[in-house]
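K.L.:
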Amino acid sequence: MTTPAPAADLIPVGTRLRWMLLLRAVVMAIVPAGLLVDGADHEQIHHVVLLTVPWFVLTLPTLLLGRAPRAVALGAFNVSMLGDGLLLCLLWRALGGLDGPGGHLVFLHCAAVTLLASFRTGVKLTVWQGLLALVTLEAGAAGIWGAATPFALGDLIVYQGTLLITVLVTAAVAAVNEREVRRRRADSDVVRALAADLAADRGAAEIAGLLAGAGTGPLIGTRALVLAYRRDPHTGTRGPGIAVLQRQGGAVTHHEAPAAHSPRSVVSRALAQSRTLLVSHLDPDQDDWLTAVLPGARNVIVVPYAVGGVAGALLLEAPPVRWGRVEHRVQDAAEHLTALAAAALARAVLAEDLARTSPVDAQPVPA
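So the mapping is simple: the numbering used here equals the position in the sequence shown, first residue as 1, plus 374.
1. Measure the alpha-carbon distance for Leu-461 versus Arg-558 and round it to whole angstroms.
2. Three or more C-beta pairs under 8 Å: does that hold for the stretch 586-603 against the stretch 626-640?
3. For a test of the three-state rule: what should DSSP assign to Glu-630, helix, strand or coil?
4. Assuming contact is defined by CB atoms lying nearer than 8 Å, are Ser-639 and Asp-661 in contact in what I supplied?
5. DSSP three-state label for Ala-598, please.
6. Between Ala-736 and Ala-725, what straight-line distance do the alpha-carbon atoms span, to the nearest angstrom?
7. Within 10 Å of its beta-carbon, does Thr-495 have 16 or more other beta-carbons around it, so buried, or fewer, so exposed?
8. Can you tell which of Ala-403, Val-387 and His-635 has its C-alpha closest to the C-alpha of Ile-419?
9. With which residues is Ala-687 paired in a DSSP beta bridge?
10. Pick out whichever of Tyr-679, Ala-450, Ala-680 and Leu-690 has its Cα sitting closest to the Cα of Leu-664.
11. Taking 6 Å as the limit between beta carbons, can you name the residues of its chain near His-608, skipping five residues before and five after?
12. Under the rule that 16 or more other beta-carbon atoms within 10 Å means buried, what is Ser-648, buried or exposed?
13. Terminal residues of the continuous beta strand (DSSP E) containing Gly-615?
14. Would you mind reading off the limits of the alpha helix (DSSP H) that contains Ser-648?
15. State whether the stretch 415-431 contacts the stretch 516-523, with contact taken as three or more CB pairs (one from each stretch) at a distance under 8 Å.
16. Nearest-angstrom Cα distance between Pro-435 and Asn-452?
17. Cutting at 7 Å between CB atoms, please list the residues of its own chain near Val-387, excluding the five before and the five after it.
18. Under 6 Å Cβ to Cβ from Ala-491, same chain only, skipping five residues before and after it: list those, please.
19. Along the alpha helix (DSSP H) that carries Ser-562, what are the first and last residues, could you check?
20. Secondary structure at Ser-639, three-state DSSP: helix, strand or coil?
21. I'd like to confirm the pairing. Which residues does DSSP put opposite Val-653 in its beta bridges?
22. Does the stretch 670-680 touch the stretch 704-713, meaning 3 or more C-beta pairs lie closer than 8 Å?
23. In this structure, how does DSSP classify Ser-454 when only helix, strand and coil are distinguished?
24. When you compare only the Cα positions, how much space is there between Gln-503 and Val-704?
25. Within 10 Å of its beta-carbon, does Ser-654 have 16 or more other beta-carbons around it, so buried, or fewer, so exposed?
26. Let's test the definition: count the other Cβ atoms within 10 Å of the Cβ of Ile-539 and tell me whether it reaches 16, buried, or not, exposed.
27. Thinking C-beta only, is Thr-596 closer than 8 Å to Gln-622?
28. Looking at the structure shown, is Gln-512 part of a helix, part of a strand, or coil, going by DSSP?
29. Alpha helix (DSSP H) containing Thr-609: first to last residue?
30. Answer with buried or exposed for Ala-617, where buried requires no fewer than 16 other C-beta atoms within 10 angstroms of its C-beta.
31. Quick check on Gly-413: does DSSP put it in helix, strand or coil?
32. Which same chain residues end up closer than 8 Å to Ala-522 when comparing Cβ atoms and leaving out the 5 residues on each side of it in sequence?
33. Under 8 Å, with one C-beta from each stretch per pair, do the stretch 577-591 and the stretch 544-555 reach the 3-pair mark?
34. In chain order, what residues of the same chain have a beta carbon less than 7 Å from the beta carbon of Val-739, not counting five sequence neighbours either side?
35. Return the residue from the list Val-674, Pro-669 and Val-423 that minimises the CA-CA distance to Val-641.
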């Protein structure tokens with residue numbers, strides 16, 4: 375089976391630079407507007423504008439670094455992040471320090487960087503903001519900024535701890551969502567790879583092997599068994615069948631499928647109900663053959679199919695998750711894979727029937 379190319383999971387540095395520039399523009403517009411609405415004095419607004427606008431203009435050339443070498447673009451990104459932290463610290467001090475509204479701006483900026491740039495960048499920026507806040511408060515207490523203004527150490531600890539917890543929680547929630555997106559992307563790659571493999575003319579046994587191999591792809595299943603039977607499309611009567619078993623990382627093994635299953639077998643019930651069934655384990659009394667082929671199977675997904683002159687099912691042993699449940703994405707991937715393979719099996723069986731029943735070209739009789 376074709377191995378899907380790994381998805382590009384890293385956000386390009388040029389994209390990060392553009393996002394950060396947009397974030398600076400938002401800060402440059404929102405902070406003075408908020409001060410105006412809040413009725414701040416013009417000197418404070420003038421001070422904020424003098425801090426934000428020159429820094430935004432100074433970082434505008436980062437737009438041109440999207441096509442620059444990665445080392446250059448990454449260096450510019452890191453320098454701009456350090457500058458953002460310094461700018462926000464000055465804004466934080468200008469807006470009142472621990473007692474002013476500037477802390478909300480720092481919180482939002484660190485959370486936005488965590489989501490838009492990277493988790494590690496957000497955490498590093500948080501540490502940088504904490505160091506700058508400590509230096510600023512100590513400088514104020516020492517009278518470097520003018521009259522000495524002491525601060526409460528407890529307030530600083532609460533501020534720093536809350537900022538760090540906010541960023542860590544944001545990163546944790548975003549990481550969970552990103553992991554799910556990556557898994558679904560990997561499942562989509564497996565489905566696309568199977569579709570590409572099925573584009574060529576293949577026999578029924580080979581198609582069943584491809585489906586079993588795709589079912590045991592990364593993050594999908596640990597074992598996959600494909601059952602394929604010939605059937606009469608008018609009466610639904612099943613004929614001879616094949617069974618292909620694939621273990622994750624193992625070789626494909628072919629078996630002779632049983633002529634019939636028990637009416638209470640998971641395969642019979644899935645075909646009769648025309649829907650996917652989820653079973654925690656196989657019942658040896660009702661599925662003795664399946665139990666022998668898949669010993670100790672747990673969390674089995676049974677996806678039936680009946681298309682044209684072929685019918686059968688994919689039995690996929692899903693990887694265990696919390697509380698022994700099956701992830702919805704695994705079931706969705708199994709159903710998509712089965713639908714693709716079922717159509718290919720129907721075409722293969724039809725092609726075999728046509729080749730077997732087509733008349734042989736008459737050969738001329740020698741004189």
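Built from N, CA and C at the ideal position, the CB exists for glycine as well. Being a predicted model, the structure only gives us computed values, none of them experimental.
P.N.:
In terms of the structure at hand:
1. What you label residue 461 is simply residue 87 of the sequence shown in a count that begins at 1. What you label residue 558 is simply residue 184 of the sequence shown in a count that begins at 1. Their Cα atoms are separated by approximately 39 Å.
2. yes
3. Position 256 of the sequence shown, counted from the start, is the residue given in the question as residue 630. The answer is strand: DSSP assigns Glu-630 an E or B state.
4. By 1-based counting over the sequence shown, the position of residue 639 is 265. By 1-based counting over the sequence shown, the position of residue 661 is 287. With contacts defined as CB atoms closer than 8 Å, Ser-639 and Asp-661 qualify as a contacting pair.
5. Counting from one through the sequence shown, the residue named residue 598 turns up at place 224. Looking at Ala-598 - three-state DSSP - the assignment turns out to be strand.
6. Your numbering for residue 736 matches position 362 in the sequence shown. Your numbering for residue 725 matches position 351 in the sequence shown. Summary for Ala-736: the model assigns pLDDT 44, below 50, so the residue's position carries little reliability; its value from the coordinates is reported in the next sentence. Straight-line measurement puts the Cα of Ala-725 at about 21 Å from the Cα of Ala-736.
7. Start at 1 with the first residue of the sequence shown, and residue 495 comes out as number 121. The residue in question, Thr-495, is buried, as its Cβ has 16 or more Cβ neighbours within 10 Å.
8. Here residue 419 refers to the residue found at position 45 of the sequence shown. Considering only alpha carbons, the answer is Ala-403.
9. In the sequence shown, counting from the first residue as 1, residue 687 sits at position 313. Ala-687 is bridged to Leu-601 and Pro-678.
10. Translated into the one-based positions of the sequence shown, residue 664 becomes position 290. Ranking the options by Cα distance to Leu-664, first place goes to Leu-690.
11. What you label residue 608 is simply residue 234 of the sequence shown in a count that begins at 1. Excluding sequence neighbours, His-608 sits near nothing in its chain.
12. What you label residue 648 is simply residue 274 of the sequence shown in a count that begins at 1. The residue in question, Ser-648, is exposed, as its Cβ has fewer than 16 Cβ neighbours within 10 Å.
13. Your numbering for residue 615 matches position 241 in the sequence shown. Looking at the DSSP string, the run of the beta strand (DSSP E) that includes Gly-615 is 612-621.
14. Locating residue 648 in the sequence shown gives position 274, counting from the first residue. That residue, Ser-648, is in no alpha helix (DSSP H); it is neither H nor E in DSSP.
15. no
16. Stepping through the sequence shown from its first residue, residue 435 is reached at position 61. Stepping through the sequence shown from its first residue, residue 452 is reached at position 78. Each residue's Cα considered, the two are about 14 Å apart.
17. Within the sequence shown, the letter at position 13 stands for residue 387. Excluding residues within five positions, the ones whose Cβ falls inside 7 Å are Arg-444, Ala-447, Leu-448 and Phe-451.
18. In the sequence shown, counting from the first residue as 1, residue 491 sits at position 117. The residues are Arg-390.
19. For the purposes of this step, residue 562 is identified with residue 188 of the sequence shown, where counting begins at 1. Note, Ser-562: alpha helix (DSSP H), 527-571.
20. Position 265 of the sequence shown, counting from 1, holds the residue named residue 639. If DSSP states are grouped into helix, strand and coil, Ser-639 belongs with coil.
21. The residue labelled residue 653 in the question sits at position 279 within the sequence shown. DSSP, once it has assigned bridges, lists Val-674 as partnering Val-653.
22. yes
23. Counting from 1 along the sequence shown, the entry for residue 454 is found at position 80. Note: Ser-454 maps to helix in three-state DSSP.
24. As a working mapping, residue 503 is identified with position 129 in the sequence shown. As a working mapping, residue 704 is identified with position 330 in the sequence shown. The straight-line gap from Cα to Cα measures roughly 42 Å.
25. Locating residue 654 in the sequence shown gives position 280, counting from the first residue. Flag for Ser-654 reads exposed.
26. For the purposes of this step, residue 539 is taken as residue 165 along the sequence shown, with counting starting at 1. Ile-539 is exposed by the Cβ-count criterion.
27. Looking up residue 622 in the sequence shown gives position 248. Looking up residue 596 in the sequence shown gives position 222. Yes.
28. Your numbering for residue 512 matches position 138 in the sequence shown. According to the sequence provided, residue 512 is Glu. The question's Gln does not apply to it. Three-state DSSP puts Glu-512 in a helix.
29. For this step, residue 609 is matched to residue 235 along the sequence shown. Thr-609 -> no alpha helix (DSSP H), and no H or E assigned at all.
30. Indexing the sequence shown from 1 puts residue 617 at position 243. Its Cβ being crowded by 16 or more others within 10 Å, Ala-617 is buried.
31. Position 39 of the sequence shown, counting from 1, holds the residue named residue 413. Coil at Gly-413, not helix or strand.
32. Residue numbering aside, residue 522 sits at position 148 when the sequence shown is read from its first letter. Excluding residues within five positions, the ones whose Cβ falls inside 8 Å are Gly-514, Ala-515 and Ala-516.
33. no
34. Numbered from 1 along the sequence shown, position 365 holds the residue referred to as residue 739. At Val-739, the pLDDT of 46 sits below 50, so the modelled position is not reliable; the number obtained from the coordinates is stated separately. Within the same chain, Val-739 has no close Cβ partners at all.
35. Here residue 641 refers to the residue found at position 267 of the sequence shown. Closest by alpha carbon: Val-674.
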